[in-house]
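Note sheet for the following structure.
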Amino acid sequence: MKKTNCEMEVRKMKQSLFKGVEAIFIPIKDPKLSSKWYEEILGFKLQYIEEGAAVMKITEQSPTVICLVKAKEHQPCHFPDNHFGVGKYVNFLSQNIEETYLFLVDHHVQVEALEGEGDTKFFTFYDPDGNPLGVCQSL
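Heads up, the sequence shown is in the UniProt record's numbering, so the first residue is 1 and it goes up one at a time.
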């Protein structure tokens, strides 16, 4: 007799199928202009650039690349309304969130209020193409 899906034992992975994140893709208007901003303001390291994209690393040691992709009809990333209060797809980790916040403000980057209390603090800022990006620090 054949078992139905409900009767079959569900196999579960004993460990994650994945070991990390290879790339984060962010839509932009101009790879050259955007990569310059990500390099000069955020300190990212340009790996290579072409007409349709710029590939960057947060640090030389970071396994994850940030791929700035030229969109044909650019629209900033928009996270759907939700009950969790999240408005962006990415949160970068910061060693000193207050210092990071002040640096971005001093460099005329659009930032929202620094929030959180205790050991966890966070804020949202925007790249020149209007994409919301987050910063988080958990001690």
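Idealized CB from N, CA, C, for every residue including glycine.
To which residues of the same chain is Thr64 closer than 8 Å at the C-beta, ignoring the five residues directly before and after it? Numbered from 1 along the sequence shown, position 64 holds the residue referred to as residue 64. For Thr64, where only same-chain residues beyond five positions count, the Cβ hits under 8 Å are Gly20, Val21, Glu22, Ala23, Ile24, Lys57, Ile58.
With Val69 as the anchor, note down where its beta strand (DSSP E) starts and where it stops. The count along the sequence shown starts at 1 and reaches residue 69 at position 69. Taken as a continuous stretch (DSSP letters only), the beta strand (DSSP E) holding Val69 covers 65-70.
Arg75 burial status per 10 Å Cβ neighbour count (16 or more: buried): Position 75 of the sequence shown, counted from the start, is the residue given in the question as residue 75. This sequence places Gln at residue 75; Arg is not what is there. Classification of Gln75: exposed, given that the 10 Å Cβ count is below 16.
Measuring only the C-alpha atoms, how far is Glu115 from Ile49? Counting from one through the sequence shown, the residue named residue 115 turns up at place 115. Counting from one through the sequence shown, the residue named residue 49 turns up at place 49. Their backbone Cα atoms lie some 35 Å apart in a straight line.
Just how far apart, CA to CA, sit Lys121 and Asp129? Numbered from 1 along the sequence shown, position 121 holds the residue referred to as residue 121. Numbered from 1 along the sequence shown, position 129 holds the residue referred to as residue 129. Taking the straight line joining both Cα atoms gives about 25 Å.
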